[in-house]
C-alpha cells in the first residue's frame, strides 16, 4: 500500500494533466485525438483525493486510482470548434498531433510550400515548443517566423511557378 501527499495529487491534476488524460482515454477506449478535461468537483478537492487514496489501501498509482474513482460529471470531452479552440491554446494535449498537423498542412498547402523529408506530423513534434511559447498554434503558423524556421532547417522546397502568359518568353 502506498501513501500519497497533497503535492502528488495536485501534480497529477495540474502538472501531469496530459498523463491523466492519456490514461483516462486508454481506460475508456477513446481515440487518442479526443480531448478530455478532468477536474475535481467542488466536493472532491485535492485534500479529499489524498484521504480517499490513503484510506483505500490500494496498490494502484495515483493516476489509475483517480481514473477508477472519477465521476462522469467531472469529465468533459471537447468536440468541434470548442476542441479546436482549446487545442490551439494547449497543443500539449494534442497527443496524436492531429490538430497541429492539420493546421500545418493547411498553411503549407495554401502557400504552395512543399515539405522535404518530413511530414506535417514531424513538424508538429519538432516545433511544439515554439508553438507553446507563442501561445497559439495558428498564431505561430501564421507568423513569418514559422516559414523562416522551416527554410533554415531545410524542411521545405520552394518552387517558383511561372504565370501562364510567360511560358514562351
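In the numbering used here, the protein residues as written are 9 to 177.
The beta carbon of each residue, even a glycine, is placed where N, CA and C say it ideally should be.
Of the listed residues 14, 151, 21, 58, nearest to residue 119 (C-alpha basis): Restricting attention to 14, 151, 21, 58, the CA atom closest to the CA of residue 119 is found in 151.
Can you give the Cα-Cα distance for residue 23 and residue 30, rounded to whole angstroms? Cα to Cα, the separation comes out at about 13 Å.
Give me the Cα-Cα distance between residue 26 and residue 101, rounded to the nearest whole angstrom. Approximately 6 Å, taken between the alpha carbons.
Nearest to residue 35 (by Cα), restricted to the options 57, 135, 75, 83: Measuring C-alpha to C-alpha distances from residue 35 to each of 57, 135, 75, 83 identifies 75 as the nearest.
Inter-stretch contact at 8 Å, needing at least 3 Cβ pairs: the region 10-17 / the region 59-79: Yes: the two stretches touch, three or more of their Cβ pairs being nearer than 8 Å.
Looking at residue 45 and residue 84, is the spacing between their C-beta atoms short of 8 Å? Contact flag set, yes.
Nearest to residue 1 (by Cα), restricted to the options 16, 71, 95, 20: This structure cannot settle anything about residue 1, because the visible part of the chain is limited to 9 through 177.
Separation of residue 47 from residue 15, as counted between CA atoms: Going by the C-alpha atoms only, they are around 16 Å apart.
Relative to the alpha-carbon of residue 169, which residue among 121, 56, 54 has its alpha-carbon at the smallest distance? Distance check between residue 169 and each of 121, 56, 54 places 121 closest, using alpha-carbon atoms only.
Do you know how far the Cα of residue 66 is from the Cα of residue 146? Cα atoms of residue 146 and residue 66: separation of roughly 44 Å, rounded to the nearest angstrom.
Count the other C-beta atoms from every protein chain shown that fall within 10 angstroms of the C-beta of residue 104, then say buried if there are 16 or more, exposed otherwise. Looking at its Cβ environment, which holds fewer than 16 other Cβ atoms inside 10 Å, residue 104 is exposed.
Between which two residues does the beta strand (DSSP E) holding residue 86 run? 83-86 is the span of the beta strand (DSSP E), which, as asked, contains residue 86.
Could you tell me which uninterrupted alpha helix (DSSP H) segments, each at least 4 residues in length, are contained entirely in the region 70-124, listed from first to last along the chain? Those alpha helix (DSSP H) runs which fall completely within the region 70-124 and span 4+ residues are 70-77, 88-97, 106-118.
In its own chain, which residues sit with a C-beta less than 7 Å from the C-beta of residue 18, not counting the 5 before and 5 after it? Cβ neighbours of residue 18 within its own chain (closer than 7 Å, five residues either side excluded): 54.
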